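So the structure is just underneath, and the comments pick up after that.
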Amino acid sequence: MFIGGFATFALLYSTQPLLPLLTTTFKISPAYASLSVSAGTAALALMLIPASILSDRLGRVPVMKWALALSAVISLLCVMVSDYHQLLILRALLGATLAGLPAAAMAYLGEEVAPAAQGKAIGLYIAGNALGGMSGRIAAALLTDLGGWRISLLVLGLLGLAAAIAFWRTLPSSRHFRARAAALNRIAGDTRTILADTSLPWLFLTSLLAMGAFISVYNYLGFRLVDHPFQLSQSAVGAVFLLYLIGSWASALAGQLADRHGRHRVQWIMVLIMATGLALTLSDTLLVLLGGVGIFTFGFFATHSISSSWVAHRGKAQRGLATAIYLSCYYLGASFIGSLTGYAWDWGKWYGLSTAIAACLALLMGVVLRLRWLARQQVL
Numbered sequence: 611m612f613i614g615g616f617a618t619f620a621l622l623y624s625t626q627p628l629l630p631l632l633t634t635t636f637k638i639s640p641a642y643a644s645l646s647v648s649a650g651t652a653a654l655a656l657m658l659i660p661a662s663i664l665s666d667r668l669g670r671v672p673v674m675k676w677a678l679a680l681s682a683v684i685s686l687l688c689v690m691v692s693d694y695h696q697l698l699i700l701r702a703l704l705g706a707t708l709a710g711l712p713a714a715a716m717a718y719l720g721e722e723v724a725p726a727a728q729g730k731a732i733g734l735y736i737a738g739n740a741l742g743g744m745s746g747r748i749a750a751a752l753l754t755d756l757g758g759w760r761i762s763l764l765v766l767g768l769l770g771l772a773a774a775i776a777f778w779r780t781l782p783s784s785r786h787f788r789a790r791a792a793a794l795n796r797i798a799g800d801t802r803t804i805l806a807d808t809s810l811p812w813l814f815l816t817s818l819l820a821m822g823a824f825i826s827v828y829n830y831l832g833f834r835l836v837d838h839p840f841q842l843s844q845s846a847v848g849a850v851f852l853l854y855l856i857g858s859w860a861s862a863l864a865g866q867l868a869d870r871h872g873r874h875r876v877q878w879i880m881v882l883i884m885a886t887g888l889a890l891t892l893s894d895t896l897l898v899l900l901g902g903v904g905i906f907t908f909g910f911f912a913t914h915s916i917s918s919s920w921v922a923h924r925g926k927a928q929r930g931l932a933t934a935i936y937l938s939c940y941y942l943g944a945s946f947i948g949s950l951t952g953y954a955w956d957w958g959k960w961y962g963l964s965t966a967i968a969a970c971l972a973l974l975m976g977v978v979l980r981l982r983w984l985a986r987q988q989v990l
């Protein structure tokens, strides 16, 4: 599962560090260039629920295996595009096929891992996501400096294919999966049950806001770092994604803390950490800025890990659909907020962007405090 999460996010976000280069190569705006990321995340968001229903019917393991294999092939096709529109189409197809893995992953872990260890297990899966996202971005930046953006996408596609083969050969079979018919009345009933839950809709909102804020920072960070006063190279900008290592650690740590102290007691602190990191990114001192991005990254992955395990816990019989809705909101936040904040960047550069992100974090804090109150009411 770590390998699967690693490959998924290495492929999905491989164009993110290349956005300034795509802007100049195809003569497009930063906001339009960000669609090379957003097209994939939007397609993934739209396909998560159908993929979840398919995994309920056919099984978690086959859906995840085919999703990763097809995605690796589509990633290799991106090398052959002749214009930006073709790249966008293939990136959207990539997101659509990748959906099968995250749609089934948390349900698979929820079914196969003991409840007392689910927080840690899901934290480790998300740590793989973070490490894959980091490695894909860094490799794309370095390979682009060496041989151009097509070479970088080619190498990442081959690595994705190797990961798919390893995943296919080694993933343990399901022992506790029970197939459920893909009947519309059952799906509608499950959806009503999920939306009637006291906490799940609020958790879906946390995913949308947190991911929207997070992806906005990394989408436009490269534009700031290649500009005055930093003027970093493409490789140096890619190296910034080493901060994702903090996310890998934060995911596992947050899972352990949530298991020990309760999710509602830990989550709001992590949002506060995100806000602190964002404030530090306003500095024009490179080390302070990067420290702020690192703190922001820690807070985000911790928040996401807590929310993910919470959804897997509360989903119960509807766990697969609940996690799919959660992730749909997550990637809709990445695509919608991640592109919309591009206009804030166009308007006020980093200060305009930070204002928009701060608004997302204020809403997010309100949501997690609501979850804290609900959890306390249930305990009391």
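Heads up, our numbering is the position in the sequence shown plus 610, with the first residue counted as 1.
The beta carbon of each residue, even a glycine, is placed where N, CA and C say it ideally should be.
Bear in mind that the values here come from a model prediction, so they are computed numbers and not experimental data.
Within 8 Å, strictly: CB atoms of residue i and residue j
i       : j      : result
VAL978  : GLN877 : yes
THR754  : GLN844 : yes
GLY650  : LEU687 : no
LEU805  : PRO811 : yes
PHE787  : GLY669 : yes
SER938  : ILE732 : no
SER817  : ILE967 : no
GLY770  : PHE619 : no
ALA864  : ALA737 : no
MET611  : TYR694 : no
LEU888  : LEU971 : yes
SER1078 : ALA823 : This structure cannot settle anything about residue 1078, because the visible part of the chain is limited to 611 through 990.
VAL671  : SER784 : yes
ALA868  : ILE797 : no
LEU708  : ALA677 : yes
Status (buried if at least 16 other CB within 10 Å, exposed otherwise) for residue i
i      : result
ALA922 : buried
GLN987 : exposed
VAL898 : exposed
THR568 : Any answer about residue 568 is impossible in this case: the structure gives the chain only from 611 up to 990.
GLN928 : buried
ARG701 : buried
LEU756 : exposed
ALA617 : buried
PRO839 : exposed
GLY729 : buried
HIS593 : In the structure as shown, the chain starts at 611 and stops at 990, and residue 593 therefore has no counterpart that could be examined.
ILE663 : buried
ARG747 : buried
THR895 : exposed
LEU990 : Residue placement at LEU990 is poorly supported in this model, since its pLDDT is 40, which falls under 50; the coordinates are not used for a value here.
SER648 : buried
TRP983 : exposed
LEU981 : buried
GLY909 : buried
GLY976 : exposed
LEU794 : exposed
Residue i Cβ short of 7 Å to the ligand ADP heavy atom set
i      : result
TYR642 : The ligand ADP is not part of the structure shown, which contains no ligands of any sort.
Same chain, Cβ closer than 8 Å to residue i, five either side skipped, listed in chain order
i      : result
TRP955 : PRO640, ALA641, TYR830, PHE833, GLY962, LEU963
LEU704 : LEU621, LEU622, GLY650, ALA653, SER681, ILE684, SER685, CYS688
ALA726 : ASP869
SER893 : LEU899, GLY902
Cβ-based neighbour list, residue i, same chain, cut-off 6 Å, excluding 5 preceding and 5 following
i      : result
ALA652 : SER945
THR907 : LEU853, ILE856, GLY857
VAL691 : LEU697
TYR936 : PHE814, SER817, VAL921
TRP960 : ARG834
ALA985 : HIS874
ALA846 : none
Inter-residue CB distance, residue i and residue j (contact presumed, cutoff 8 Å)
i      : j      : result
TYR940 : MET821 : 5 Å
ASN739 : GLY615 : 4 Å
ALA969 : ILE659 : Not confirmed; about 28 Å, so no contact.
LEU931 : THR780 : Contact flag wrong, Cβ pair sits at about 27 Å.
THR951 : GLY958 : The pair is not a contact, with the Cβ atoms about 11 Å apart (cut-off 8 Å).
SER762 : ALA714 : That pair is no contact at about 29 Å.
PHE911 : ALA860 : 4 Å
SER949 : LEU645 : 6 Å
PHE777 : ILE613 : 5 Å
VAL881 : LEU974 : 5 Å
ALA706 : MET657 : 5 Å
ALA679 : ALA774 : 5 Å
Neighbourhood of residue i by C-beta, 7 Å cutoff - its chain only, sequence neighbours within 5 removed
i      : result
GLY901 : LEU890
THR803 : GLN928
ASP807 : ARG924
PRO630 : GLY832, PHE833, VAL836
TYR998 : Residue 998 lies beyond the residue range present for the chain, which begins at 611 and ends at 990; the question has no answer from this structure.
VAL723 : ALA731
LEU766 : ALA620, LEU621, SER624, SER685, GLY746, ALA749, ALA750
Exercise for the section: Run through the stretch 641-723 for me and flag every whole alpha helix (DSSP H) of 4 or more residues, listed as ranges in chain order. Expected result: 645-668, 670-687, 694-708, 710-722
Handout entry: 4 or more residues per run - each alpha helix (DSSP H) lying fully within the stretch 829-870
Key = 844-849
Practice task
Ignoring anything shorter than 4 residues or poking outside the stretch 787-814, list the alpha helix (DSSP H) runs there in chain order.
Solution key: 794-806
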